[in-house]
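Visitor: In UniProt numbering, the protein residues as written are 1 to 123.
Heads up, the beta-carbon is just placed ideally off N, CA and C, and yes, glycines get one too.
One structure follows; several queries about it will come next.
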Amino acid sequence: MIKVNFSKPLLIQSVAFKDVFLRMDGNGITQANGAGTGKVSCQKNMSPTGAFKVQEQKNGTFTIESVKYPGVFLRMDGNNRSGKEEDFGTVNCQYGASTCEKFYLLNMPETGKVKDMFNKFAK
1 MIKVNFSKPL LIQSVAFKDV FLRMDGNGIT QANGAGTGKV SCQKNMSPTG
51 AFKVQEQKNG TFTIESVKYP GVFLRMDGNN RSGKEEDFGT VNCQYGASTC
101 EKFYLLNMPE TGKVKDMFNK FAK
């Protein structure tokens, strides 16, 4: 496993699809929007819209900010879950970072089902 240097821009690459990267389009976002805005999707190959600054916060969480669109952060809203385990919520952008724009970065567990899944993709 590599050690991440958070002082440099970070790209988020798919394990399952080697040429697919996370992309965040924050074009025109200049103020906060309660429900978030912008578009988060995938892109083939590396591009400036897929470069992020990951910054640790005082409480141990991290923010993921667009390099191309400074001040625009990745946002994950898990409201409206309605008992679902997957395929719910909203992933988009937000100007500024509040609770929906802060994340814990976790190591993937090395046991059970998750380990089996990871080994399948890592081959």
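(1) Could you please give the first and the last residue of the uninterrupted beta strand (DSSP E) stretch that includes VAL20?
(2) So, is ASN45 buried or exposed, given that buried needs 16 or more other C-beta atoms within 10 angstroms?
(3) Helix, strand or coil for GLU101, going by three-state DSSP, please let me know.
(4) Can you tell me which of the three DSSP states THR49 falls into?
(5) With distances taken Cα to Cα, identify the nearest neighbour of ALA51 among TYR104, VAL15 and VAL40.
(6) What residue range is occupied by the uninterrupted beta strand (DSSP E) comprising ARG81?
(7) Nearest by alpha-carbon distance to ASN5: which of VAL20, VAL54 and ASN27 is it?
(8) Can you tell me the Cα-Cα spacing of GLU65 and THR37, whole angstroms?
(9) Can you find the residues in the same chain that come closer than 6 Å, C-beta to C-beta, to SER14, ignoring five residues on each side of it along the sequence?
(10) Compare the Cα-Cα distances from ARG23 to each of TYR95, ASN107, GLN57 and VAL91 and report the closest residue.
(11) Skipping 5 residues on each side, what residues in its chain have a beta carbon closer than 6 Å to that of PRO48?
Guide: According to the structure shown:
(1) 20-25
(2) exposed
(3) helix
(4) helix
(5) VAL40
(6) First-last for ARG81: undefined, no H or E at that position.
(7) VAL54
(8) 14 Å
(9) VAL20
(10) VAL91
(11) LYS68
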